[in-house]
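Numbering (this note's numbering), first residue to last: 4 to 548.
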């Protein structure tokens with residue numbers, strides 16, 4: 004695949020796609036409509052008040068890049084690491100090719116939410132918010148206030164690349180707010196596990212003559228063998244830690260993803276026998292916790308799993324070959340470059356139940372009612388939803404940030420003025436990273452030279468194995484403003500209490516059977532049924548569409 008002059012191809016694609024979509028300048032559209040109207044009237048075949056005239060009158064204006072005259076826009080945006088978007092290579096290139104200029108008010112991630120909300124509340128806000136991390140509740144709130152404008156018609160009229168992808172993936176629903184409007188463009192990637200990947204030591208399994216576990220009983224047997232048979236072979240039978248978790252994003256309860264039902268970690272629910280069920284109240288959950296109690300009491304789970312931070316997990320994994328299994332987005336992060344290939348992503352125990360994301364993430368670009376030409380911004384952003392535009396957004400420019408090899412693979416270019424390491428090049432010269440961005444991940448990205456980032460390539464391949472066996476646990480569920488308030492009021496306290504209770508039971512501070520009824524009663528007193536009622540109502544609306 005040859006990718007030279009990719010930016011020119013992108014703009015040609017945008018122009019051609021807009022033309023195919025029936026776009027035309029207002030003046031040209033009016034002349035065409037008048038000519039056809041006169042001809043039809045002379046022939047007596049079309050009534051001047053008919054549907055054909057209405058459709059022609061509604062024809063969108065054709066956006067042709069580069070524009071004849073430079074258009075100015077303003078944006079509030081999160082920085083790409085240490086770099087602002089106004090100096091970004093890809094951003095500069097895309098603006099020059101379109102003949103638009105965007106003045107970016109760029110802020111550091113730590114200040115983003117506070118400054119964003121202050122600007123929106125002030126009434127003095129920019130034309131668009133770009134990589135500003137607006138959540139679903141934010142979109143619904145500012146959309147209802149009229150600060151953010153609906154984008155669905157603009158997408159249909161001026162974003163043929165994005166429209167085609169959304170149609171192909173049946174993904175419009177994932178962008179809609181409860182009122183049915185779309186207030187933000189998405190980042191579109193491949194589906195991936197919605198729960199942090201679980202890695203298990205394949206090298207140890209091979210040394211102990213073990214097969215990859217296919218259920219919880221077999222997982223227990225593997226972890227127990229790790230503990231008892233000097234799995235790392237260093238002569239010390241007591242230094243192995245079969246399972247390491249942490250108090251941050253990776254508690255042991257995430258193993259519930261391997262149960263024979265699709266568990267939605269965000270809501271704590273699963274669809275069981277056709278009914279949306281809150282799992283932490285069920286007998287199935289109780290028995291799952293009993294399994295974790297067994298692991299902890301028999302020394303198969305690190306005793307610090309409920310107190311240590313994520314960074315401490317890394318310190319353990321990278322210091323010595325003592326770790327049997329753990330959660331992380333990639334094994335190299337926990338165990339380092341020397342041992343990451345010792346680990347495989349644990350294959351789901353059954354097909355079609357492991358929860359995965361759709362790969363469609365909204366809230367990357369929103370347009371405010373201050374913008375006079377939102378159609379231009381939408382057409383400009385649409386370039387990044389083609390394969391060529393995705394390459395530009397994610398990889399940058401051939402010869403500047405990446406090079407294509409004779410075998411069709413590609414490598415990052417470092418030390419070329421955009422950074423001396425890949426992370427700096429991505430932040431300085433592409434629009435990926437730091438926050439969700441409006442583009443599609445190109446298929447060509449997977450052609451990266453394995454030697455350029457071997458750990459990343461390996462981790463992605465293993466994670467894809469898990470993804471291929473899963474499916475989204477729930478449909479896209481939307482909440483009204485009142486429902487959103489109910490969730491915010493109830494969920495945090497319930498989640499904190501349930502997490503604390505599970506930790507107390509697993510560590511032996513509470514007995515599971517003796518404390519279970521009181522735990523259930525406490526959740527009920529905390530209005531768990533009202534929360535579940537909101538989830539069920541949203542689920543019923545989603546499946547009825």
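Glycine included, C-beta positions come from ideal geometry on N, C-alpha and C.
query, result
"DSSP-derived helix/strand/coil call for residue 377", "helix"
"Simplified DSSP state of residue 244, which is helix, strand or coil", "strand"
"Inter-residue CB distance, residue 267 and residue 476 (contact presumed, cutoff 8 Å)", "4 Å"
"Cα-Cα separation, residue 290 to residue 320", "30 Å"
"Among 104, 97 and 462, nearest to residue 376 - alpha-carbon criterion", "104"
"Distance CB(residue 221)-CB(residue 234) smaller than 7 Å", "no"
"Whole beta strand (DSSP E) elements within the stretch 108 to 140, 3-residue minimum", "131 to 133"
"3-residue-minimum beta strand (DSSP E) runs that sit fully inside the stretch 478 to 545, ordered along the chain", "none"
"Whole-angstrom distance between residue 459 and residue 273, CA atom to CA atom", "31 Å"
"Neighbour-count burial assignment, residue 306, 16 or more Cβ in a 10 Å radius", "exposed"
"Contact under 7 Å by Cβ, residue 192 with residue 519", "no"
"Exposed unless 16 or more other CB atoms sit within 10 angstroms - verdict on residue 391", "buried"
"Through-space distance from residue 469 to residue 543, alpha-carbon basis", "28 Å"
"Residues sharing a beta bridge with residue 358, DSSP", "474"
"Neighbour-count burial assignment, residue 574, 16 or more Cβ in a 10 Å radius", "This structure gives no information on residue 574, because the portion of the chain shown stretches from 4 to 548."
"Residues near residue 155 by beta carbon distance below 7 Å, same chain, minus five either side", "184 and 185"
"Sequence ranges, beta strand (DSSP E) only - wholly within the stretch 364 to 427, length at least 3", "405 to 407 and 413 to 415"
"Spatially closest choice to residue 277 from 216, 397, 337 and 265, by CA coordinates", "265"
"Cross-strand partners of residue 190 (DSSP beta bridge)", "364"
"Pairwise C-alpha distance: residue 227 and residue 300", "12 Å"
"Stretch pair the stretch 478 to 488 + the stretch 529 to 546: three plus CB contacts closer than 8 Å", "yes"
"Supposed contact pair residue 107 and residue 132 - C-beta distance, whole angstroms, cut 8 Å", "No, residue 132 and residue 107 are not in contact; Cβ-Cβ is about 11 Å, not under 8 Å."
"Sequence-distant residues of the same chain with beta carbon closer than 8 Å to residue 531, five excluded per side", "281, 284, 493 and 497"
"Beta carbon of residue 421 nearer than 7 Å to that of residue 413", "no"
"Residue span of the alpha helix (DSSP H) that contains residue 451, given as start and end", "Looking at the DSSP string, residue 451 is not in any alpha helix (DSSP H), and its letter there is neither H nor E."
"DSSP bridge partner residues for residue 281 (one or two, in chain order)", "272"
"Residue environment, residue 256, which counts as buried when at least 16 other CB atoms sit within 10 Å", "buried"
"Validate contact between the stretch 196 to 211 and the stretch 340 to 355 using beta carbons, cut 8 Å, 3 pairs", "yes"
"Inter-residue spacing [alpha-carbon to alpha-carbon] between residue 358 and residue 466", "13 Å"
"Cβ-Cβ distance between residue 249 and residue 288 below 7 Å", "no"
"Distance between residue 148 and residue 161 (C-alpha atoms, nearest Å)", "25 Å"
"Burial state of residue 111, where buried means 16 or more other Cβ atoms lie within 10 Å", "exposed"
"Per-residue burial, residue 35 [other beta carbons within 10 Å of its own, 16 or more giving buried]", "No answer about residue 35 holds up, because its pLDDT of 37 lies below 50 and its placement is not dependable."
"DSSP three-state assignment for residue 74, whether helix, strand or coil", "strand"
"Touch test, the stretch 167 to 186 against the stretch 361 to 372, Cβ-Cβ under 8 Å, three pairs minimum", "yes"
"Nonlocal neighbours in the same chain, by C-beta distance under 8 Å from residue 246, ignoring five residues either side", "226, 255, 298, 303, 304, 305, 308, 327, 328 and 329"
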